[in-house]
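Colleague:
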Amino acid sequence: MSMISFILIVTGVMLNVAAQLLIKSGTNAIGYFEYTRENILPIGWKLATEPHIIGALTCYVVGVVVWILALSRVQVSIAYPLLSLGYIVNAVAANYLFEEAITPSKLIGMGIIIVGVVVISRA
-12 MSMISFILIV TGVMLNVAAQ LLIKSGTNAI GYFEYTRENI LPIGWKLATE PHIIGALTCY
48 VVGVVVWILA LSRVQVSIAY PLLSLGYIVN AVAANYLFEE AITPSKLIGM GIIIVGVVVI
108 SRA
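Following the numbering used here, the numbering of the sequence shown begins with -12 at its first residue and continues without gaps.
(1) So residue 8 and residue 84 are supposed to be a Cβ contact under 8 Å. How far apart are they, rounded?
(2) Suppose you measure from the CA of residue 53 to the CA of residue 16; what does that come to, to the nearest Å?
(3) Please determine if the segment 28 to 36 and the segment 53 to 70 are in contact, where contact requires at least 3 C-beta pairs separated by less than 8 Å.
(4) Whose CA, out of 86, 87, 77, lies closest to the CA of residue 97?
(5) Out of curiosity, what's the CA-to-CA distance linking residue 10 and residue 58?
(6) Check whether the Cβ atoms of residue 149 and residue 56 sit closer than 8 Å, and answer yes or no.
(7) Going by Cα to Cα distance, which pick from -10, 68, 48, 31 is closest to residue 106?
Following this line, the structure appears as structure tokens:
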């Protein structure tokens, strides 16, 4: 895999991670809400105008463009499994940003993901 391909894949992964963290920040800013017919428009408007949510959607759009560029250079059977690295980055970032716990079972899962990515990347 070339350096540009690797950079494109990592950029795609990081944009996806950023989008997930921004969505969480946006929902935290809005707070808990009930799923009722009366809430569809008010909550929908809050979500549509929340800056973190808009940032997340922007990350997704840019991420799709980056991913298209990556897949034009790398086999999908190699590139797609590398997206799982986002789980690890996301868990660490969520621990730091939102004080979400990293439990022993999460650490084991992260280790399995890393082993899987190494195995696939060498195939």
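Note that the Cβ used here is the ideal one computed from N, Cα and C, for glycine as well.
What you are looking at is a predicted structure, and each value in this text was computed from that prediction instead of being measured.
Modeller: Once the coordinates are examined:
(1) 6 Å
(2) 29 Å
(3) no
(4) 77
(5) 26 Å
(6) With the chain covering -12 to 110 only, the question about residue 149 has no answer from this structure.
(7) 68
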